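Chains as they are written, first to last, in the numbering used here: chain G, 115 to 324; chain D, 115 to 324; chain Z, 115 to 324. No residue lacks a Cβ here, since even glycine has one placed at the ideal position from N, Cα and C. Just so it is clear, the structure is predicted and the values come from calculations on it, not from any experiment.
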Amino acid sequence: MPLRLRPNDPTFYDLFAESANHLVDGSRILADLLDTSAGSGLDASGEIARQMKDAEHAADETTHAIIKRVNSTFVTPFDREDIYRLASDLDDVMDYMEEAVDSIHLFGLENLPAEVAEQIEVLQRAASLTAETMPRLRTMKDLAEYWIEINRLENTGDQVHRRIIAKLFSGEFDALTVMKVKSVVDLFEAAIDAFEHVANTVEQIAVKES
Amino acid sequence: MPLRLRPNDPTFYDLFAESANHLVDGSRILADLLDTSAGSGLDASGEIARQMKDAEHAADETTHAIIKRVNSTFVTPFDREDIYRLASDLDDVMDYMEEAVDSIHLFGLENLPAEVAEQIEVLQRAASLTAETMPRLRTMKDLAEYWIEINRLENTGDQVHRRIIAKLFSGEFDALTVMKVKSVVDLFEAAIDAFEHVANTVEQIAVKES
Amino acid sequence: MPLRLRPNDPTFYDLFAESANHLVDGSRILADLLDTSAGSGLDASGEIARQMKDAEHAADETTHAIIKRVNSTFVTPFDREDIYRLASDLDDVMDYMEEAVDSIHLFGLENLPAEVAEQIEVLQRAASLTAETMPRLRTMKDLAEYWIEINRLENTGDQVHRRIIAKLFSGEFDALTVMKVKSVVDLFEAAIDAFEHVANTVEQIAVKES
Chain G
115 MPLRLRPNDP
125 TFYDLFAESA
135 NHLVDGSRIL
145 ADLLDTSAGS
155 GLDASGEIAR
165 QMKDAEHAAD
175 ETTHAIIKRV
185 NSTFVTPFDR
195 EDIYRLASDL
205 DDVMDYMEEA
215 VDSIHLFGLE
225 NLPAEVAEQI
235 EVLQRAASLT
245 AETMPRLRTM
255 KDLAEYWIEI
265 NRLENTGDQV
275 HRRIIAKLFS
285 GEFDALTVMK
295 VKSVVDLFEA
305 AIDAFEHVAN
315 TVEQIAVKES
Chain D
115 MPLRLRPNDP
125 TFYDLFAESA
135 NHLVDGSRIL
145 ADLLDTSAGS
155 GLDASGEIAR
165 QMKDAEHAAD
175 ETTHAIIKRV
185 NSTFVTPFDR
195 EDIYRLASDL
205 DDVMDYMEEA
215 VDSIHLFGLE
225 NLPAEVAEQI
235 EVLQRAASLT
245 AETMPRLRTM
255 KDLAEYWIEI
265 NRLENTGDQV
275 HRRIIAKLFS
285 GEFDALTVMK
295 VKSVVDLFEA
305 AIDAFEHVAN
315 TVEQIAVKES
Chain Z
115 MPLRLRPNDP
125 TFYDLFAESA
135 NHLVDGSRIL
145 ADLLDTSAGS
155 GLDASGEIAR
165 QMKDAEHAAD
175 ETTHAIIKRV
185 NSTFVTPFDR
195 EDIYRLASDL
205 DDVMDYMEEA
215 VDSIHLFGLE
225 NLPAEVAEQI
235 EVLQRAASLT
245 AETMPRLRTM
255 KDLAEYWIEI
265 NRLENTGDQV
275 HRRIIAKLFS
285 GEFDALTVMK
295 VKSVVDLFEA
305 AIDAFEHVAN
315 TVEQIAVKES
């Protein structure tokens with residue numbers, strides 16, 4: 115196991131960017147799923163579920179690469195436990211997105227409320243913003259605008275989620291449909307919240323290192 | 115950005131007390147909501163929802179003031195990440211209380227099980243106790259009685275919550291009503307748990323600093 | 115309060131092993147519950163609920179003993195906050211198992227889907243593995259195989275949980291039954307996830323200390 119002695123090993127930043135880019139892929143697959151569900155149905159969501167599973171596996175490999183590097187690197191750019199936590203926060207987002215897609219497939223859902231498109235849009239924007247931000251961990255500069263914007267997106271996501279739940283509870287749908295759709299939109303909401311956890315971890319790292 | 119060089123900047127204690135006082139306000143608004151819902155109904159809960167939204171905004175400002183001060187203060191009374199975490203734990207309580215009230219309003223709920231009054235009482239007592247305790251962070255003395263009492267309150271809240279759920283699942287109510295009321299009482303339970311997270315964070319800070 | 119000056123107080127390892135052994139007991143009680151529910155019903159689950167409550171109290175006492183020792187020990191084998199967190203992660207597993215059993219009793223459930231046996235098996239294996247691993251914290255050696263296996267078990271648990279939910283949502287059951295059973299199997303899933311949190315904490319301690 116070769117020790118790395120450079121004080122700021124650049125590959126951590128590359129790996130975090132890679133991890134966030136998997137989330138860009140994941141959220142694009144979700145957008146494809148919505149387009150598909152407008153048209154055809156279950157077969158397509160089976161294909162989408164496979165794509166999402168692949169994206170999740172790729173993300174897992176990046177996460178493991180980060181953990182492995184933490185264990186084999188002598189000097190890390192910031193505290194080991196913060197690297198570990200950031201990697202694990204990024205991983206959580208993918209897990210929620212993958213579970214949402216798998217649930218749609220497992221429950222045989224063919225329709226979702228139109229407002230789900232707004233949740234997916236929030237996820238796509240949060241993913242892009244996070245991917246753009248990861249390389250900036252190197253300088254720790256101009257990070258505040260990132261977490262302020264993520265907080266704003268999380269707020270938007272929260273409002274959309276509450277509107278969807280109110281609609282589901284309005285009496286239009288049977289109880290089982292309500293439970294199925296609620297499971298899925300709760301997972302999208304959890305994915306959005308998980309982006310906020312990523313941003314909080316970045317903020318705490320910045321606070322510590324400043 | 116002026117550096118503060120006094121080893122124990124007193125304003126952190128003031129800000130934590132201020133943050134906890136917003137929770138005292140929030141839990142009183144919840145108590146008002148129950149009184150109201152005994153009498154009239156939705157219109158009033160609209161007014162209560164606005165009051166709660168205001169309380170949440172005030173709490174957000176205090177949280178931001180704490181974060182800002184962490185970033186501009188040279189010597190902090192305890193670890194930066196613990197200050198950050200305590201601020202964020204206190205903020206979580208308010209978020210759950212606000213979401214509960216907003217949900218009652220959104221779902222058009224006009225009645226809640228009588229036992230909800232016991233949840234609110236737990237929240238009011240936990241809020242008062244937390245507000246009284248924050249100034250004592252300065253000396254780190256006599257904190258054990260605080261977290262023991264919060265654990266006891268959380269236990270009581272847990273028992274009440276389980277009784278409410280058993281009642282909701284008893285067959286008296288239609289499925290949609292069960293889901294709506296469950297969403298609300300789960301949020302009250304989450305708010306009570308969040309007070310326990312605050313107490314755990316205080317305990318961990320005390321353990322570290324002792 | 116006598117100070118302990120030995121650099122690696124052995125009793126922390128004993129206490130963590132004791133804490134994990136309570137989880138072995140708890141998961142065995144769950145297995146007994148399933149055997150029972152195959153035969154008789156509610157009366158028996160009342161007896162099981164009492165056994166589980168006893169196991170939870172015993173676990174609480176171990177947790178408190180760990181916290182007390184952290185507060186009275188001068189030199190701890192690893193960071194105070196990590197000891198605190200590991201104790202609290204172990205405690206969480208028991209809380210979820212106890213709440214699941216109490217829920218079965220409270221909701222008067224007499225049957226659970228056959229797949230629940232697979233969840234309990236995962237819990238029993240995770241508990242044994244965790245109990246075997248705790249004494250190895252002393253040397254911090256050969257821990258990787260533990261967390262890799264826990265991740266694998268959590269994955270299995272996740273797949274089983276998704277299958278159970280898909281079955282519950284298939285239309286065979288009335289909405290209230292779905293909600294009751296879902297509450298219980300979600301708690302078993304939370305207990306499995308909590309074992310993964312224990313493993314993550316162990317991994318982070320190992321990363322820090324290595």
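Discussion item. My output table needs one value for M254/Z: the three-state DSSP class, helix, strand or coil.
Written reply: Coil.
Worksheet item: Grouping DSSP H, G and I as helix and E and B as strand, with all else coil, what is E229/Z?
Response: Coil at E229/Z, not helix or strand.
Fill in: Contacts of L220/Z in chain D (Cβ-Cβ under 9 Å)
What L220/Z touches in chain D: R276, R277, I279, A280, F283.
Worksheet item: Alpha carbon to alpha carbon, what distance is there between A169/Z and N359/G?
Response: No statement about residue 359/G is possible, as the shown extent of chain G runs from 115 to 324 and does not include it.
Worksheet entry | Residue environment, I181/D, which counts as buried when at least 16 other CB atoms sit within 10 Å | For I181/D, the number of other beta carbons within 10 angstroms of its own is at least 16, and it is reported as buried.
Discussion item. Applying the 10 Å Cβ sphere with the 16-neighbour rule, what's the burial state of I262/Z?
Written reply: Exposed: under 16 other Cβ atoms inside 10 Å.
Item to complete: Please state if the CB of L290/Z and the CB of V230/Z are separated by a distance shorter than 8 Å.
Response: For V230/Z and L290/Z, no; Cβs fall outside 8 Å.
Practice prompt. Would you decide whether G222/G is buried or exposed? Buried here means 16 or more other CB atoms lie within 10 Å of its CB.
Written response: Under this definition G222/G is an exposed residue.
Worksheet item: Can you find a CB in chain Z that lies within less than 8 Å of the CB of L156/G?
Response: Only weak support is given to the placement of L156/G: the predicted model assigns it a pLDDT of 46, under 50, and the value that follows is read from those uncertain coordinates. No, its Cβ sits nowhere closer than 8 Å to a Cβ of chain Z.
Worksheet item: Relative to the alpha-carbon of G271/G, which residue among D146/G, K294/G, L257/G, E235/G has its alpha-carbon at the smallest distance?
Response: Answer by Cα proximity: E235/G.
Item to complete: Output yes if chain D places a C-beta closer than 8 Å to the C-beta of M293/Z; else output no.
Response: Using a Cβ-Cβ cut-off of 8 Å, M293/Z counts as an interface residue toward chain D, since at least one Cβ of chain D sits closer than that to its own.
Practice prompt. Within the same chain, show all residues whose beta-carbon is closer than 7 Å to that of A308/Z, passing over the 5 residues directly before and after it, in chain order.
Written response: For A308/Z, where only same-chain residues beyond five positions count, the Cβ hits under 7 Å are D203, D206, V207, Y210.
Practice prompt. Taking only the alpha-carbon atoms, compute the straight-line gap between E323/Z and D288/G and give it to the nearest angstrom.
Written response: Rounded to the nearest whole angstrom, the C-alpha separation of E323/Z and D288/G is 54 Å.
Worksheet item: Is L220/Z closer than 8 Å to R199/D when the C-beta atoms are compared?
Response: Not a contact, by the Cβ cut-off of 8 Å.
Worksheet item: If you compare alpha carbons, which of K294/Z, P249/Z, D174/Z, N185/Z is closest to A131/Z?
Response: A131/Z has its Cα closest to that of P249/Z, out of K294/Z, P249/Z, D174/Z, N185/Z.
Practice prompt. Determine whether the Cβ of Q318/Z lies closer than 8 Å to any Cβ atom of chain D.
Written response: Judged by the 8 Å Cβ criterion, Q318/Z is not in contact with chain D.
Discussion item. Alpha carbons only, please: which of D196/D, A172/D, H171/D is nearest the one belonging to Q318/G?
Written reply: The residue with the shortest Cα to Cα distance from Q318/G is D196/D.
Worksheet entry | Reference F283/G; option with closest CA among K296/D, L282/D, F188/D | If we check each option's Cα against that of F283/G, K296/D comes out closest.
Fill in: Residues that A289/Z contacts on chain G, provided the C-beta gap is smaller than 9 Å
Counting only Cβ-Cβ distances below 9 Å, A289/Z has contacts in chain G at D288, A289, L290, V292, M293, in chain order.
Item to complete: Give me the Cα-Cα distance between A145/G and R164/D, rounded to the nearest whole angstrom.
Response: Distance between A145/G and R164/D, taken at the CA atoms: about 35 Å.
Worksheet item: Given that E195/G touches chain Z, what residues does it touch there, using C-beta distances under 8 Å?
Response: The CB of E195/G comes closer than 8 Å to the CB of Q318, V321, K322 in chain Z, given here in chain order.
Fill in: Residue from A134/Z, F126/Z, N135/Z, S141/Z whose Cα sits closest to the Cα of F302/Z
Measuring C-alpha to C-alpha distances from F302/Z to each of A134/Z, F126/Z, N135/Z, S141/Z identifies S141/Z as the nearest.
Discussion item. For a cutoff of 8 Å on Cβ pairs, would you count Y127/Z as touching chain C?
Written reply: No chain C is present in this structure, whose protein chains are G, D and Z.
Item to complete: Please classify S154/G: does DSSP put it in a helix, a strand, or coil?
Response: Because S154/G sits at a pLDDT of 49, beneath the cut-off of 50, its placement in the model cannot be relied upon, and the point is left open.
Worksheet item: Does the Cβ of E310/D have 16 or more other Cβ atoms within 10 Å, making it buried, or fewer, making it exposed?
Response: Buried is the call here.
Worksheet item: For M254/Z versus E212/Z, is the C-beta spacing smaller than 8 Å?
Response: Their beta carbons are not under 8 Å apart, which means M254/Z does not touch E212/Z by this criterion.
Worksheet item: Taking 8 Å as the CB-CB limit, is D272/D close to chain G?
Response: At least 8 Å separates the CB of D272/D from every CB of chain G.
Worksheet item: From what residue to what residue does the alpha helix (DSSP H) around E212/G run?
Response: From DSSP, the alpha helix (DSSP H) with E212/G extends over 194-220.
Item to complete: Could you work out which residues of chain G lie near Y198/D, taking near to mean beta carbons separated by less than 7 Å?
Response: Simply Q318, V321.
Worksheet item: Using a beta-carbon distance below 8 Å, is D216/G in contact with chain Z?
Response: Chain Z contact via Cβ: present.
Worksheet item: Buried or exposed: S154/Z, going by 16 or more other Cβ atoms within 10 Å of its Cβ?
Response: Residue confidence is low: S154/Z scores 49 on pLDDT, short of 50, so the model does not pin down where it sits. Its coordinate-derived value is still stated next. Exposed: under 16 other Cβ atoms inside 10 Å.
Worksheet item: D216/D: which of I143/D, N265/D, V292/D sits nearest, CA to CA?
Response: Taking the Cα of D216/D as reference, the smallest distance to any Cα among I143/D, N265/D, V292/D is reached at I143/D.
Discussion item. Just to check my reading of the structure: R136/G and A179/G have Cβ atoms closer than 8 Å, yes? What is that Cβ distance to the nearest angstrom?
Written reply: Strictly speaking, residue 136/G in this sequence is His, with Arg absent from that position. Contact doesn't hold; Cβ gap of about 12 Å is too wide.
Discussion item. My output table needs one value for T177/Z: the three-state DSSP class, helix, strand or coil.
Written reply: Reduced to three states, the DSSP call for T177/Z is helix.
Practice prompt. Report all residues from its chain with a CB closer than 7 Å to the CB of V184/D; omit the five preceding and five following residues, and keep chain order.
Written response: Closer than 7 Å at the Cβ level, and outside the excluded window around V184/D, lie T190, R194, I197, Y198.
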